[in-house]
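Take a look at the structure set out below.
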Amino acid sequence: MNPERHARTLALLRRFYGYSSFRPGQAEIIDAVASGRDAVVLMPTGGGKSLCYQLPALLGEGLCIVISPLIALMDDQVTALLANGIPAAAIHSNRPEAETREALEHARMGRVKLLYTSPERFVADMDKWARWLPIHLIAIDEAHCISQWGHDFRPVYTELSGIKRMMPDIPVIALTATADRLTRDDIEQQLALRDPFRWTGSFDRPNISIEVWPDPGKARRIARVRELVEKYPDDSGIVYCLSRSKAENMTRALRLSGIKAACYHAGMPAGAREEAQRAFINGDVSVVCATVAFGMGIDKSNIRWVVHNNMPANIESYYQEIGRAGRDGLPAEAVMFHSVGDAIALRRFIDESDSARRGINTEKLARMQAFADAAVCRRRMLLSYFNEEKTHDCGNCDVCRSAPERFDGSTVVQKALSAVLRTDCSVGAYMLRDILRGAQRHDIRSRGFDRIRTFGAGADMSAAEWNHYISQMIQLGLLDVAYDDGNRLRPTPFGLRVLRGEEQVMLARYDDRKPARDSRRKETPAPTSTTEALLTRLKAVRRAEAARIKMPPYLIFSDASLKDMALKRPRTLEEFREVSGAGEVKTARFGPLFLRAIAEFG
Numbered sequence: 188m189n190p191e192r193h194a195r196t197l198a199l200l201r202r203f204y205g206y207s208s209f210r211p212g213q214a215e216i217i218d219a220v221a222s223g224r225d226a227v228v229l230m231p232t233g234g235g236k237s238l239c240y241q242l243p244a245l246l247g248e249g250l251c252i253v254i255s256p257l258i259a260l261m262d263d264q265v266t267a268l269l270a271n272g273i274p275a276a277a278i279h280s281n282r283p284e285a286e287t288r289e290a291l292e293h294a295r296m297g298r299v300k301l302l303y304t305s306p307e308r309f310v311a312d313m314d315k316w317a318r319w320l321p322i323h324l325i326a327i328d329e330a331h332c333i334s335q336w337g338h339d340f341r342p343v344y345t346e347l348s349g350i351k352r353m354m355p356d357i358p359v360i361a362l363t364a365t366a367d368r369l370t371r372d373d374i375e376q377q378l379a380l381r382d383p384f385r386w387t388g389s390f391d392r393p394n395i396s397i398e399v400w401p402d403p404g405k406a407r408r409i410a411r412v413r414e415l416v417e418k419y420p421d422d423s424g425i426v427y428c429l430s431r432s433k434a435e436n437m438t439r440a441l442r443l444s445g446i447k448a449a450c451y452h453a454g455m456p457a458g459a460r461e462e463a464q465r466a467f468i469n470g471d472v473s474v475v476c477a478t479v480a481f482g483m484g485i486d487k488s489n490i491r492w493v494v495h496n497n498m499p500a501n502i503e504s505y506y507q508e509i510g511r512a513g514r515d516g517l518p519a520e521a522v523m524f525h526s527v528g529d530a531i532a533l534r535r536f537i538d539e540s541d542s543a544r545r546g547i548n549t550e551k552l553a554r555m556q557a558f559a560d561a562a563v564c565r566r567r568m569l570l571s572y573f574n575e576e577k578t579h580d581c582g583n584c585d586v587c588r589s590a591p592e593r594f595d596g597s598t599v600v601q602k603a604l605s606a607v608l609r610t611d612c613s614v615g616a617y618m619l620r621d622i623l624r625g626a627q628r629h630d631i632r633s634r635g636f637d638r639i640r641t642f643g644a645g646a647d648m649s650a651a652e653w654n655h656y657i658s659q660m661i662q663l664g665l666l667d668v669a670y671d672d673g674n675r676l677r678p679t680p681f682g683l684r685v686l687r688g689e690e691q692v693m694l695a696r697y698d699d700r701k702p703a704r705d706s707r708r709k710e711t712p713a714p715t716s717t718t719e720a721l722l723t724r725l726k727a728v729r730r731a732e733a734a735r736i737k738m739p740p741y742l743i744f745s746d747a748s749l750k751d752m753a754l755k756r757p758r759t760l761e762e763f764r765e766v767s768g769a770g771e772v773k774t775a776r777f778g779p780l781f782l783r784a785i786a787e788f789g
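The opening position of the sequence shown corresponds to residue 188 in this note's numbering, with each subsequent residue numbered one higher.
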């Protein structure tokens with residue numbers, strides 16, 4: 188890392204963003220991109236991806252083009268940058284042509300450091316912009332959209348492959364919050380990146396509590412949402428629904444319960460969608476009930492909870508959607524309800540979809556169902572899906588809080604992994620199960636698998652038991668599923684260590700009875716400490732100021748900044764600068780208002 192550049196970067200971080208240190212990986216990524224290298228960055232939602240291109244943009248002499256798929260994301264980012272004193276602009280279909288011409292002219296003259304645009308607009312104007320604008324960096328957000336393996340593939344993204352042909356010397360940074368191993372590799376290949384700097388941050392979001400429930404009925408679902416609204420009265424939440432009608436029905440039910448709720452889905456008029464989103468961002472409603480059309484690019488930091496009223500189609504979507512809660516690092520909750528009907532509806536969507544992706548989407552749905560039915564730590568399952576190893580339970584999910592009976596499953600795992608290796612890693616989960624049970628299937632005999640040493644080694648267990656344990660092995664990261672190779676199973680490094688007897692693994696014992704789950708929640712006591720009372724007061728001040736200047740409250744200061752403010756209780760502007768997130772411009776603009784509120788509080 189270049190020491191001089193690192194010192195300059197830290198100074199910019201302090202001046203514009205109000206932070207004194209980087210999150211893991213940010214400094215290394217910024218240094219690599221600022222030195223001219225391409226980069227592929229995988230960071231969870233709320234992990235600080237934006238800084239990884241915004242600071243190199245400030246360090247460089249020219250313009251950074253940011254390619255983003257949604258207008259809401261562009262406008263949100265530009266508003267946040269301007270609030271921090273950083274010159275930025277966005278070009279999209281909702282902007283008048285005169286504003287677009289003005290933004291481009293300012294970018295050409297060096298008055299704009301970051302210019303946000305859609306992939307469609309960039310592809311259409313790439314040749315002209317390459318010759319006319321002083322571009323020194325291109326950032327591609329939501330880069331998983333370029334990959335056929337990604338959960339949100341968008342054909343227009345593939346046209347971004349022309350960037351390196353047209354601008355071979357311009358560094359490109361591709362960023363995403365949700366990409367498995369296949370998708371990460373495909374992003375790099377599709378964009379023709381040259382020896383890129385690669386950073387895969389931890390997917391672990393320990394501040395988010397996870398719980399999953401079999402369908403408890405409509406009344407219980409609504410009651411659970413009401414509990415969350417009452418628990419976080421000054422904050423917001425999202426209820427994701429499988430269809431437009433379900434989103435509308437949930438909105439009506441919540442409104443009848445006295446909750447300020449808005450509906451959002453693709454079938455609504457554009458003006459109604461924009462109004463719902465604006466009400467949610469500004470805090471005028473506490474809940475938005477939406478299909479997956481909502482949320483990408485919503486940078487609202489005080490979303491305290493996300494409820495999935497139905498099971499998502501894949502783990503990538505689930506992880507991305509729950510990641511919209513707790514972006515500020517404070518405690519948040521993710522609740523999912525699921526039913527057989529969800530699985531049937533999702534399978535029907537897949538069967539009616541593009542046949543080229545049907546196989547992989549079916550397997551991804553199976554992994555989502557396994558997550559919903561899991562008897563092991565749910566966070567370990569999420570992390571292993573993204574090829575991140577975690578060897579201990581999280582203690583912050585419903586399974587950990589009501590743990591099933593465990594036993595040393597090393598011998599069970601060793602039998603299964605040995606069988607996988609003896610078949611040259613050429614079988615899927617069901618054939619592995621039948622090999623272990625000694626099933627006399629024709630395809631097993633024709634491939635000679637009835638002659639391997641582990642054939643029948645698990646005949647003492649039923650098919651249901653082996654399904655249960657093989658599923659856990661995948662969930663815990665002992666086995667990996669090769670989606671691009673017929674869904675064949677392959678041992679992971681963790682699995683091989685268990686096979687060699689170097690590590691022990693605990694499994695949840697199979698039980699054919701459905702456990703009774705207590706869905707009752709303890710009442711959360713009202714805040715009593717003076718710090719919490721001051722925090723409540725500062726939130727009210729923020730809300731009033733946001734309404735006055737017509738700015739989303741979280742763009743003034745995040746909840747995390749307000750909490751730090753309540754703890755430090757600054758008395759002067761100099762002391763206020765020490766508050767996390769209080770940069771130079773925000774201190775000058777908002778510092779006196781909040782200092783006065785703190786002084787009046789006593």
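Note that beta-carbon positions come from the ideal geometry of N, C-alpha and C, so glycine has one too.
Beta-carbon spacing of residue i, residue j below 8 Å
i, j, result
"L347", "P306", "yes"
"A219", "H193", "no"
"G615", "G388", "no"
"I424", "S504", "Just to set this straight, residue 424 is Gly in the shown sequence, not Ile. Contact: no."
"T232", "I217", "no"
"F384", "A644", "no"
"A553", "A695", "no"
"R529", "N501", "Looking at the sequence shown, residue 529 is not Arg but Asp. Against a cut-off of 8 Å, the Cβ pair of N501 and D529 comes out as no contact."
"I522", "R411", "Residue 522 is actually Val in this sequence, not Ile. A contact, by the Cβ cut-off of 8 Å."
"S613", "R514", "no"
"F524", "R408", "yes"
Nearest residue (CA-CA) to residue i, options the options
i, options, result
"A786", "S396, R758, K773 and G770", "R758"
"A733", "E461, F781 and L686", "F781"
"V479", "R632, P499 and D621", "P499"
"A606", "F309, G635 and L742", "G635"
"P355", "G223, G682 and L441", "G223"
"R609", "T598, I622 and Y617", "I622"
"W316", "E690, L250, T438 and G673", "L250"
"Q601", "Q691, A448, A276 and S396", "Q691"
"N189", "A221, R202 and A198", "A221"
C-alpha distance - residue i paired with residue j, whole-angstrom precision
i, j, result
"R566", "R511", "16 Å"
"S658", "L229", "26 Å"
"L604", "Q556", "23 Å"
"T711", "F209", "Unreliable placement is indicated for T711, whose pLDDT of 39 sits below 50; no coordinate value is reported for it."
"A775", "F467", "28 Å"
"N489", "R465", "15 Å"
"G789", "K773", "23 Å"
"I639", "D667", "22 Å"
"V399", "A559", "6 Å"
"L246", "P274", "13 Å"
"I333", "I258", "18 Å"
"D422", "V493", "12 Å"
"H331", "R381", "18 Å"
"I743", "L754", "18 Å"
"S597", "R687", "10 Å"
"D705", "K418", "Confidence is the limiting factor: at D705 the pLDDT is only 39, short of 50, which leaves the residue's position unreliable, though a coordinate-based value still follows. Their backbone Cα atoms lie some 19 Å apart in a straight line."
"Y204", "Y697", "51 Å"
"L200", "S237", "12 Å"
"E765", "I395", "27 Å"
Three-state secondary structure assigned by DSSP to residue i
i, result
"P274", "coil"
"W336", "coil"
"R708", "Interpretation of R708 is limited by its pLDDT of 39, a score under 50 that renders its predicted location unreliable; the figure taken from the coordinates is listed afterwards. In the structure shown, R708 sits in coil (DSSP, three-state: anything other than H, G, I, E or B)."
"R700", "Residue confidence is low: R700 scores 45 on pLDDT, short of 50, so the model does not pin down where it sits. Its coordinate-derived value is still stated next. Three-state result, R700: coil."
"P383", "coil"
"M648", "coil"
"H752", "Reading off the sequence shown, one finds Met at residue 752, where the question assumed His. DSSP places M752 in helix when its eight states are reduced to three."
"H279", "coil"
"G235", "coil"
"H579", "coil"
"G454", "coil"
Whole-angstrom C-beta distance between residue j and residue i, which should lie under 8 Å
i, j, result
"L320", "R298", "Not a contact, Cβ separation roughly 12 Å."
"A747", "G516", "6 Å"
"Y427", "H495", "5 Å"
"N574", "D367", "7 Å"
"R729", "P740", "5 Å"
"A277", "Y303", "4 Å"
"L429", "A532", "6 Å"
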